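J.:
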């Protein structure tokens with residue numbers, strides 16, 4: 001991989017979105033039907049730690065999938081999670097993070113794949129949080145292109161236990177790249193709370 005993706009813009013935007021979440025919104029629904037907003041924020045916290053560890057090839061934090069349980073959110077999550085997001089972006093700026101094998105969510109995978117999965121998680125869950133809270137979502141073109149290319153290879157039209165996503169949601173042929181990405185992850189781009 002010659003031009004390594006930069007997780008920084010997606011991590012920074014996600015941190016900004018989290019800073020605008022009110023406590024009374026934590027029980028709100030999200031486009032991830034299995035998660036309330038608080039559950040999703042806990043999931044983001046766990047994945048940020050796991051993917052930072054994956055970049056460092058530290059298997060102590062990468063053995064299981066990140067939780068999704070709002071009751072696990074610490075009182076200082078608004079300060080803690082943005083720091084974790086900065087750390088995951090910094091970890092993947094190290095060229096060695098992209099080399100060799102690593103582990104994330106209990107799955108062994110090449111560093112190049114793990115870094116792209118981490119970026120995709122930041123982008124898609126950033127969109128989820130923006131939609132759930134009525135905030136504006138933005139994504140830089142490079143992150144969006146990388147996530148869309150990755151998801152295009154992994155998405156399935158039918159439910160599959162091997163797919164990390166739900167069945168694709170059809171979008172028009174002339175849909176924006178963001179709407180295509182969201183549809184491929186099994187989410188409806190027009191989702192509203």
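In full-length UniProt numbering, the protein residues as written are 1 to 193. Just so it is clear, CB atoms sit at the ideal spot from N, CA and C, and this is done for glycine as well. In this text, all values refer to a predicted model and were calculated from it rather than measured experimentally.
Please determine, among 125, 57, 129 and 74, the residue with the shortest C-alpha to C-alpha distance to residue 95.
T.: 57
J.: Assuming the contact rule is C-beta atoms closer than 8 Å, residue 72 and residue 42 should be a hit. Round their C-beta distance to whole Å, please.
T.: 5 Å
J.: So, for residue 178: in the same chain, excluding its five sequence neighbours on each side, which residues have a beta-carbon less than 7 Å away from its beta-carbon?
T.: 139 and 144
J.: So what does DSSP say about residue 135, is it helix, strand or coil?
T.: coil
J.: Quick one: which unbroken beta strand (DSSP E) runs of 3-plus residues sit fully inside the segment 61-124? Chain order, please.
T.: 101-104 and 107-110
J.: How would you write the range of the alpha helix (DSSP H) that residue 36 sits in, first residue to last?
T.: From DSSP, residue 36 is part of no alpha helix (DSSP H); its letter is neither H nor E.
J.: Would you call the CB atoms of residue 7 and residue 127 closer than 8 Å?
T.: For residue 7 and residue 127, no; Cβs fall outside 8 Å.
J.: Quick check on the DSSP output: the alpha helix (DSSP H) that includes residue 10 runs from which residue to which?
T.: 8-19
J.: Evaluate the contact criterion for the segment 130-138 versus the segment 20-35: three or more CB pairs, one atom per stretch, below 8 Å.
T.: yes
J.: Between the alpha carbons of residue 44 and residue 115, how many angstroms are there, rounded?
T.: 15 Å
J.: State yes or no: is the beta carbon of residue 149 nearer than 8 Å to at least one beta carbon in chain D?
T.: No chain D appears in the structure shown, which is made up of a single protein chain.
J.: Find out if the Cβ-Cβ distance for the pair residue 84, residue 48 is shorter than 8 Å.
T.: yes
J.: For the alpha helix (DSSP H) that contains residue 146, what are its first and last residues?
T.: 141-154
J.: Since residue 88 and residue 15 are thought to touch, with beta carbons under 8 Å apart, how far apart are those beta carbons, to the nearest angstrom?
T.: About 11 Å separates the Cβ atoms of residue 88 and residue 15, ruling out a contact at the 8 Å cut-off.
J.: Can you give the Cα-Cα distance for residue 104 and residue 171, rounded to whole angstroms?
T.: When the Cα atoms are used, residue 104 and residue 171 turn out to be separated by approximately 30 Å.
J.: In whole angstroms, what is the alpha-carbon distance linking residue 100 and residue 111?
T.: 6 Å
J.: Taking buried to mean at least 16 other C-beta atoms within 10 Å of its own C-beta, is residue 118 buried or exposed?
T.: buried
J.: Using DSSP's beta-bridge definition, name the partner residues of residue 29.
T.: 36
J.: Give me the residue from 9, 55, 78 and 52 with the minimum Cα distance to residue 18.
T.: 78
J.: Check each candidate in 183, 174 and 149 and name the one with the smallest Cα separation from residue 165.
T.: 183
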